[in-house]
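Input: a single structure, listed below in structure tokens.
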Amino acid sequence: MKLCILFSGGKDSTYAAYLAKKHNHKLACLISIISENKDSFMFHTPSIELAKIQAAAMNLPIILQKTKGEKEIELKDLEKAIKIAKQKYKIQGIVTGAVASVYQASRIQKICDKLKLECFNPLWQKDQNEILEDLIKNKFNIIITQVAAYPLDKSWLGRKIDNTFIKEIKILSEKYKINPAGEGGEFESLVLNCPLFKRKLNIINKKIYGEGNSWKMEVDVE
Numbered sequence: 005m006k007l008c009i010l011f012s013g014g015k016d017s018t019y020a021a022y023l024a025k026k027h028n029h030k031l032a033c034l035i036s037i038i039s040e041n042k043d044s045f046m047f048h049t050p051s052i053e054l055a056k057i058q059a060a061a062m063n064l065p066i067i068l069q070k071t072k073g074e075k076e077i078e079l080k081d082l083e084k085a086i087k088i089a090k091q092k093y094k095i096q097g098i099v100t101g102a103v104a105s106v107y108q109a110s111r112i113q114k115i116c117d118k119l120k121l122e123c124f125n126p127l128w129q130k131d132q133n134e135i136l137e138d139l140i141k142n143k144f145n146i147i148i149t150q151v152a153a154y155p156l157d158k159s160w161l162g163r164k165i166d167n168t169f170i171k172e173i174k175i176l177s178e179k180y181k182i183n184p185a186g187e188g189g190e191f192e193s194l195v196l197n198c199p200l201f202k203r204k205l206n207i208i209n210k211k212i213y214g215e216g217n218s219w220k221m222e223v224d225v226e
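Counted the way the numbering used here counts, the sequence shown spans residues 5 to 226.
Right under this line is the structure:
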């Protein structure tokens with residue numbers, strides 16, 4: 005089946021794309037929504053400007069759709085992008101990286117039903133520690149680009165998701181009730197390499213800013 009990936013550049017959407025391909029589906033294109041609202045309920049915004057470079061690394065076309073990020077209205081912009089993908093790339097379904105957000109999954113499903121497309125959520129309700137372990141097992145190179153929860157601080161920026169990361173985040177999860185996979189926005193990630201990439205992305209510049217337990221690292225890659 006020809007599928008389009010709703011792509012943010014983070015671990016979940018990239019891993020969902022990997023699983024879709026692993027199950028013999030054809031990845032036809034990516035859709036990335038560039039939201040003016042950094043606190044969008046629907047769309048992951050950190051590092052979204054790098055999605056075009058990641059798409060090139062995967063040798064896949066990408067549809068970049070801008071939105072003001074107004075609640076519910078932003079869904080019309082998503083629908084517009086999916087219509088373009090259906091018309092231009094003849095897609096038969098959409099893949100999302102939704103893990104636990106009913107808000108996101110239900111709204112995407114509604115759009116797919118309207119456009120007569122299948123909707124695949126390969127990570128839905130999957131154990132989140134297991135997702136992290138699978139990413140390492142499948143050689144995903146992922147770094148942390150943003151933190152927004154105590155006790156995560158500036159020192160976590162740029163850290164690679166590896167076995168040490170999993171061990172530490174699990175302890176913090178049990179002690180402070182933060183989500184080990186960052187599902188509650190505790191942290192955001194960026195994929196620099198994975199089996200879908202034809203080449204690894206390298207960081208050539210970075211800018212860090214924030215305070216307390218809210219920090220962000222903006223990077224340039226090539």
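Built from N, CA and C at the ideal position, the CB exists for glycine as well.
Taking residue 183 as the centre and dropping the five residues before and after it, the same chain places the C-beta of 190 closer than 6 Å to its C-beta, in chain order. Here the region 113-128 does not lie against the region 141-153, with fewer than 3 beta-carbon pairs under 8 Å apart. Bridge partners of residue 213 according to DSSP: 220. For residue 36, the secondary structure class from DSSP, reduced to helix, strand or coil, is strand. Beta-bridge annotation (DSSP): residue 123 is paired with 98.
The region 97-104 and the region 49-63 do not touch, with fewer than 3 CB-CB distances between them shorter than 8 Å. In the DSSP assignment, residue 108 falls within the alpha helix (DSSP H) that extends over 106-118. Under the Cβ criterion (8 Å, minimum of three pairs), the region 67-85 does not count as touching the region 207-225. Take the alpha-carbon of residue 65 and the one of residue 179: they are about 43 Å apart. Counting C-beta pairs with one atom in each stretch, the region 151-162 and the region 128-137 have fewer than three that are closer than 8 Å, which means they do not touch. DSSP places residue 6 in the uninterrupted beta strand (DSSP E) bounded by 6-10.
Only exposed fits residue 131, as fewer than 16 other CB atoms lie within 10 angstroms of its CB. If you check the CB distance, residue 196 and residue 147 come in under 9 Å. In the DSSP secondary-structure assignment, residue 179 is not bridged to any residue. Distance between residue 218 and residue 56, taken at the CA atoms: about 26 Å. Taking 9 Å as the cut-off, the beta carbon of residue 84 is found no closer than this to the beta carbon of residue 41. Under a 10 Å Cβ-count criterion, residue 151 is classified as buried, with 16 or more other Cβ atoms of the shown protein chains found around its own Cβ.
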